[in-house]
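Numbering (this note's numbering), first residue to last: 54 to 169.
Glycine included, every Cβ here is placed at the ideal spot set by N, Cα and C.
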Amino acid sequence: MQQPMLPQHLEATGHWLSKNFGLSLPPNQLDEATLVKILAQRLEKLVNDDFEQFIQLLYRIDVPEIKVKELLATGEYPEVYYHIARLIIDRQVQKFISRQANKNNNPQDDDGEERW
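Structure follows, in structure tokens:
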């Protein structure tokens, strides 16, 4: 079973999805299930209206193509979009965690310059 998202990851992911997918997210009432549901609905519309843009977004987000292909080939609709939404959200959380770790592990000298 999946761990619940930390509040800072939920907020950052919601902001990123709103910006990149044009989602209207409910203010101050966003939870993980709502985020997945709203993104899944947007993905379904995107697949039906502009499949090429859908593929470009997945590439830009760096979601594993093989997983998406498997879901599209074997998944049941509309549940497949919830699974793809989950892949996208999980990938974004991984990126946020990685950036935070790199930010915290960025060694600097006393003068603020990076050390080599």
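Rounded to whole angstroms, how far is the Cβ of residue i from the Cβ of residue j, which I believe are closer than 8 Å?
i: leucine 76; j: arginine 95; result: 6 Å
i: alanine 65; j: alanine 93; result: The Cβ separation is near 19 Å, so there is no contact.
i: glutamate 105; j: tyrosine 134; result: Contact doesn't hold; Cβ gap of about 17 Å is too wide.
Taking just the CA atoms, how far does residue j sit from residue i?
i: methionine 54; j: aspartate 103; result: Legend: pLDDT at methionine 54 = 44, less than 50; position of this residue unreliable, value from coordinates given subsequently. For methionine 54 and aspartate 103, the distance between alpha carbons rounds to 33 Å.
i: asparagine 73; j: glutamate 129; result: 26 Å
i: leucine 110; j: arginine 152; result: 20 Å
i: asparagine 81; j: proline 60; result: 12 Å
Cα-Cα, which of the options is closest to residue i?
i: valine 146; options: Pro131, Leu88, Tyr134, Ile119; result: Leu88
i: glycine 67; options: Gln153, Phe149, Arg113; result: Phe149
i: alanine 86; options: Leu63, Leu99, Lys122; result: Leu63
Span of the alpha helix (DSSP H) holding residue i?
i: serine 71; result: 60 to 74
Exercise. Of all the alpha helix (DSSP H) runs that stay within the bounds of the segment 102 to 135, which reach a length of 4 or more residues?
Worked result: Within the segment 102 to 135, complete alpha helix (DSSP H) segments of at least 4 residues are found at 104 to 114, 118 to 127, given in chain order.
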